[in-house]
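Enquirer:
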Amino acid sequence: SPIKLEVNVDMPEEIDLTPYKSKGPVDGEDLVPAEPEGPKKPDPPQAIDETALAQLMDMGFSLNSCKRALNAVGGSNVEAAMGWVFEHNTDPDFNDPLPEDTVSEAPAAASSSSVDEVIVQSLVESLGCFTADQIRAALQETNGAADRAADWLFSHMDDLDGAIAALQSKSSGGDSGASSSEAKPKIPLEDSASGKYVLTGMISHIGKNTGSGHYVAHLKKDGQWLIFNDEKV
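This is the structure in structure tokens:
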């Protein structure tokens, strides 16, 4: 097993890294382009062979999982797609739509703010205990699905007004929050910042070997070094 050795290591309490400070790009250097902020845009899905897709679905797998499998193996190789399915069927996003499908569904979700008034009136009459405004809010939250809207209303009956207020706050404040984060100014690098550093703390191990013992903290306070060993100082 590893053995601890008693060795003195010179450690300066002050270090000056000013000589290593960058002076900016010089002649002959090519700058690496900065990566765009925000999440990386996924690669576009592969063109999926409809015949191969039908063969996979005939084996009992969902549409989204079959699309993902074929997309991962190039679009048409059923045998390779089957191997992918068995290897990835426990992935959390196994049955999620591909990014392109998600994007195509976005306009429908965005247009859910204008709910179908026929559905609103039908739910008002059939449920009997909710107002039209409450039902509209539930339909907006569930993309216009009447059955899901009813489930949402009954599951939030303990504080329905508060839940609806939270939905309205989220829908009205989402865009402003995004714009405010985008408008947040970047902190410029300080060209005049010092490259000098002073040691103010460190951690060491107490014990006869690396398999036992514990760690303690050493901190410099008012010019004196203190050791923090559990509750002892």
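Residue numbers (the working numbering): 76 to 308. Every residue, glycine too, gets a C-beta built ideally from N, C-alpha and C.
Between the alpha carbons of residue 102 and residue 90, how many angstroms are there, rounded?
Expert: By one-based count along the sequence shown, residue 102 stands at place 27. By one-based count along the sequence shown, residue 90 stands at place 15. Each residue's alpha carbon lies about 30 Å from the other.
Enquirer: Please classify residue 231: is it buried, with 16 or more other beta-carbons within 10 angstroms of its beta-carbon, or exposed?
Expert: Reading the sequence shown from its first residue, position 156 is the one you call residue 231. So residue 231 counts as buried.
Enquirer: Pair every Cβ in the region 124 to 137 with every Cβ in the region 93 to 109, then say whether three or more of these pairs are closer than 8 Å.
Expert: Here the region 124 to 137 does not lie against the region 93 to 109, with fewer than 3 beta-carbon pairs under 8 Å apart.
Enquirer: Between residue 280 and residue 288, how many whole angstroms is the CB-CB distance? I'm expecting something under 8 Å.
Expert: Counted from its first residue, the sequence shown places residue 280 at position 205. Counted from its first residue, the sequence shown places residue 288 at position 213. At roughly 6 Å, the Cβ-Cβ gap stays under 8 Å, so residue 280 and residue 288 are in contact.
Enquirer: Straight-line CA distance for residue 293 to residue 278?
Expert: On the sequence shown, residue 293 is found 218 positions in, with the first residue counted as 1. On the sequence shown, residue 278 is found 203 positions in, with the first residue counted as 1. Distance between the alpha carbons of residue 293 and residue 278: 6 Å.
Enquirer: Leaving out the 5 sequence neighbours to the left and right, which residues in its chain are closer than 7 Å to residue 155 when beta-carbon positions are compared?
Expert: As a first step, residue 155 is located in the sequence shown; it is residue number 80 there, counting from the start. Cβ neighbours of residue 155 beyond the five flanking positions: 148.
Enquirer: Taking residue 167 as the reference, which of 158, 140 and 300 has the closest Cα?
Expert: Here residue 167 refers to the residue found at position 92 of the sequence shown. Taking only the C-alpha atoms, the option nearest residue 167 is 140.
Enquirer: Between which two residues does the beta strand (DSSP E) containing residue 276 stretch?
Expert: Counted from its first residue, the sequence shown places residue 276 at position 201. Where residue 276 is concerned, the enclosing beta strand (DSSP E) stretches over 276 to 281.
Enquirer: Run the CB neighbour count on residue 146, radius 10 Å, all protein chains shown included, and call it buried at 16 or more, exposed below.
Expert: In the sequence shown, counting from the first residue as 1, residue 146 sits at position 71. The residue is buried, with at least 16 neighbouring Cβ atoms inside 10 Å.
Enquirer: May I have the straight-line CA-CA distance separating residue 88 from residue 109, to the nearest angstrom?
Expert: For this step, residue 88 is matched to residue 13 along the sequence shown. For this step, residue 109 is matched to residue 34 along the sequence shown. Cα to Cα, the separation comes out at about 36 Å.
Enquirer: In whole angstroms, what separates the C-alpha of residue 295 from that of residue 86?
Expert: Taking the sequence shown and counting its residues from 1, one reaches residue 295 at position 220. Taking the sequence shown and counting its residues from 1, one reaches residue 86 at position 11. Distance between the alpha carbons of residue 295 and residue 86 is about 14 Å.
Enquirer: Classify residue 160: buried if its beta carbon has 16 or more other beta carbons within 10 angstroms, exposed otherwise.
Expert: Your numbering for residue 160 matches position 85 in the sequence shown. By the neighbour-count rule (16 or more Cβ atoms within 10 Å), residue 160 is buried.
Enquirer: Measure the C-alpha to C-alpha separation of residue 143 and residue 158 and round it to an integer number of angstroms.
Expert: In the sequence shown, counting from the first residue as 1, residue 143 sits at position 68. In the sequence shown, counting from the first residue as 1, residue 158 sits at position 83. Linking residue 143 to residue 158 through their CA atoms gives a straight-line distance of about 12 Å.
Enquirer: Going by C-alpha distance, which of 196, 285, 162 and 137 is nearest residue 172?
Expert: Taking the first residue of the sequence shown as position 1, residue 172 is located at position 97. For residue 172, the nearest C-alpha among the options comes from 137.
Enquirer: What span of residues does the beta strand (DSSP E) with residue 212 cover, start to end?
Expert: Sequence index remark: in the sequence shown, residue 212 carries index 137 (1-based). Residue 212 -> not in any beta strand (DSSP E); alpha helix (DSSP H) instead, spanning 207 to 216.
Enquirer: So, residue 220 versus residue 198, is the Cβ gap smaller than 8 Å?
Expert: Taking the sequence shown and counting its residues from 1, one reaches residue 220 at position 145. Taking the sequence shown and counting its residues from 1, one reaches residue 198 at position 123. The answer is no: Cβ separation not under 8 Å.
Enquirer: Please confirm whether residue 214 and residue 224 have their CB atoms less than 8 Å apart.
Expert: For this step, residue 214 is matched to residue 139 along the sequence shown. For this step, residue 224 is matched to residue 149 along the sequence shown. For residue 214 and residue 224, yes; Cβs fall inside 8 Å.
Enquirer: Closer than 7 Å by C-beta to residue 98: which residues in its own chain qualify, once you throw out the five before and the five after it? Chain order, please.
Expert: Position 23 of the sequence shown, counted from the first residue, corresponds to residue 98. None.
Enquirer: Give every residue of the same chain whose Cβ lies closer than 8 Å to the Cβ of residue 150, excluding the five residues on either side of it in the sequence, and list them in chain order.
Expert: Within the sequence shown, numbered from 1, the residue matching residue 150 stands at position 75. Excluding residues within five positions, the ones whose Cβ falls inside 8 Å are 121, 122, 123, 124 and 127.
Enquirer: Report buried or exposed for residue 228, applying the criterion of at least 16 other Cβ atoms within 10 angstroms of its Cβ.
Expert: Counted from its first residue, the sequence shown places residue 228 at position 153. By the neighbour-count rule (16 or more Cβ atoms within 10 Å), residue 228 is buried.
Enquirer: Quick one, which of 78, 202 and 290 has its alpha-carbon nearest residue 304's?
Expert: Within the sequence shown, numbered from 1, the residue matching residue 304 stands at position 229. Comparing Cα-Cα distances from residue 304 to each of 78, 202 and 290, the minimum goes to 290.
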